[in-house]
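In this note's numbering, the protein residues as written are 1 to 230.
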């Protein structure tokens with residue numbers, strides 16, 4: 001996917017460039033401080049995706065979208081939530097509220113690929129079986145199928161993969177929304193499990209192995225049982 005950044009703040013530019021480099025499915029064609037520069041570039045270059053700030057000099061991001069004759073997929077990046085409705089009315093793919101995490105960035109890019117069916121045979125596809133876990137200053141690539149369960153720890157989460165464990169800065173509610181709901185189920189206010197890893201359900205407990213047993217919360221039990229017994 002060819003992409004460009006339209007952002008006038010150098011710190012925000014640096015973050016987007018780093019995320020684009022880390023995801024591996026995007027090719028950055030250019031970075032622009034204002035929409036006027038971007039319009040000239042777009043007139044003679046093919047771009048699939050634009051990361052667009054709203055508050056820009058000369059022409060705002062939203063006004064830029066209104067006058068753009070041939071519009072690629074657009075992901076808005078802004079520190080102001082009040083423009084979300086107008087942004088979606090202009091058919092943007094997603095609305096990233098600064099500061100946004102790498103995981104949230106990946107989610108938006110994946111949505112762009114799915115909605116627009118962007119890319120050709122030479123493009124590296126987004127791998128839905130992989131997820132990046134932000135742990136401290138690192139982004140760790142993990143095969144989703146290896147995740148056994150996820151446990152909430154205050155505003156953080158612990159991701160368990162067999163003998164490995166990673167601490168993620170994302171809260172549990174993020175993983176509830178991000179992971180495939182046919183594979184991962186919330187069984188408790190503090191736990192999400194990979195259904196394929198369950199060996200036994202007994203009463204209000206889920207057995208992952210002989211050693212590991214997790215509780216089932218009353219509010220989650222009926223939904224879990226129905227999906228587990230499918």
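For glycine and all other residues, C-beta sits at the position ideal for the given N, C-alpha and C. These numbers come from a predicted model, not from an experiment.
- Assignment of residue 14 by DSSP, reduced to helix, strand and coil, places it in the helix class.
- Exclusion of the five residues before and after residue 95 leaves 76, 84 and 87 as the residues of its chain whose Cβ lies within less than 6 Å of its Cβ.
- Annotated as distal: residue 26 and residue 142, with beta-carbon spacing of 8 Å or more.
- Only residues of its own chain outside the window of five on either side were considered, and among them 5 and 51 have a CB closer than 6 Å to the CB of residue 16, listed in chain order.
- Counting every other CB atom within 10 Å of its CB across the protein chains shown gives residue 78 a total of 16 or more, marking it as buried.
- Taking the Cα positions, residue 157 is about 24 Å away from residue 201.
- Here the C-alpha atom of residue 226 lies approximately 13 Å from the C-alpha atom of residue 183.
- The beta carbon of residue 19 sits closer than 6 Å to the beta carbons of 102 and 105 from its chain, once the five residues preceding and following it are set aside; these are given in chain order.
- Annotation: residue 149 is outside any alpha helix (DSSP H); the continuous beta strand (DSSP E) that includes it extends over 149-153.
- If one requires a minimum length of 4 residues, the alpha helix (DSSP H) runs lying completely within the segment 19-61 are 35-42, in chain order.
- The segment 80-120 is shown to contain whole beta strand (DSSP E) runs of 3 or more residues at 94-97, in chain order.
- Within the segment 167-202, the beta strand (DSSP E) runs of at least 3 residues that lie entirely inside it are, in chain order, 184-188, 191-194 and 200-202.
- Residue 8 sits in coil when the DSSP states are folded into three classes, being neither helix nor strand.
- Counting along the chain, residue 146 sits inside no beta strand (DSSP E), nor does DSSP assign it H or E at all.
- Its chain contains 141, 142, 143 and 144 as the residues whose beta carbon lies nearer than 8 Å to that of residue 130, once the 5 sequence neighbours on both sides are disregarded; these appear in chain order.
- Residues of the same chain with a CB within less than 6 Å of the CB of residue 171, apart from the 5 flanking positions on each side, are 155 in chain order.
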